[in-house]
Amino acid sequence: MPEICPRCGLPKELCVCEEIAKEEQKIKIYVTKRRFGKLMTIIEGFDTSVIDLKELAKKLKDICACGGTVKGDTIELQGDHRKKVAEELVKMGFSRDSIEIR
Numbered sequence: 001m002p003e004i005c006p007r008c009g010l011p012k013e014l015c016v017c018e019e020i021a022k023e024e025q026k027i028k029i030y031v032t033k034r035r036f037g038k039l040m041t042i043i044e045g046f047d048t049s050v051i052d053l054k055e056l057a058k059k060l061k062d063i064c065a066c067g068g069t070v071k072g073d074t075i076e077l078q079g080d081h082r083k084k085v086a087e088e089l090v091k092m093g094f095s096r097d098s099i100e101i102r
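Just so it is clear: in the sequence shown, position 52 is 52 by the UniProt record's numbering, and no numbers are missing.
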């Protein structure tokens with residue numbers, strides 16, 4: 001018997017929890033200045049109980065060709081990648097209306 005998702009009640013193969021969670025996120029993307037004038041792109045507002053931040057950060061680092069890390073509930077990327085990150089998040093299934101770029 002297939003495993004049942006505790007949230008949506010569907011079998012794990014048909015689970016839609018992650019797609020629903022992606023549409024409900026309120027994501028903020030902004031740039032801060034760190035030591036020695038280096039820029040960091042900060043992405044925050046993810047529901048970590050549904051979305052794997054480490055896997056998402058790895059994909060974004062590969063796409064942006066930069067370094068970065070996951071700290072708490074935020075993803076930090078080295079450099080200014082606001083537009084590129086927003087485009088890639090939309091391609092990954094996040095709602096364009098829920099992404100705020102500062």
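We put the CB at the ideal spot given by N, CA and C, even for glycine.
Cβ neighbour criterion (16 or more within 10 Å) applied to residue i
| i | result |
| --- | --- |
| Met40 | buried |
| Ile20 | exposed |
| Phe94 | buried |
| Ile101 | exposed |
| Phe46 | buried |
Residues near residue i in its chain [Cβ-Cβ closer than 6 angstroms; skip 5 each side]
| i | result |
| --- | --- |
| Val70 | Leu53, Lys54 and Ala57 |
| Val31 | Leu39, Thr41 and Asp80 |
Cross-strand partners of residue i (DSSP beta bridge)
| i | result |
| --- | --- |
| Met40 | Thr32 and Gln78 |
| Thr101 | Here residue 101 is Ile; the residue named in the question, Thr, does not match the sequence. Answer is Ile29, bridged to Ile101. |
| Pro2 | DSSP, once it has assigned bridges, lists no residue as partnering Pro2. |
Contact set for residue i: own chain, Cβ-Cβ below 7 angstroms, skip 5 residues either direction
| i | result |
| --- | --- |
| Lys61 | Gly67, Gly68 and Leu77 |
| Thr48 | Asp73 |
| Cys8 | Cys15, Val16 and Cys17 |
Local conformation of residue i per DSSP, three classes
| i | result |
| --- | --- |
| Val50 | coil |
| Val90 | helix |
| Val70 | strand |
Contacts around residue i, its chain only, beta-carbon distance under 8 angstroms, and the 5 residues preceding and following it disregarded
| i | result |
| --- | --- |
| Cys5 | Pro11, Lys12, Cys15 and Cys17 |
| Ile27 | Ile43, Glu44, Gly45, Phe46, Leu89, Phe94, Ser98, Ile99 and Glu100 |
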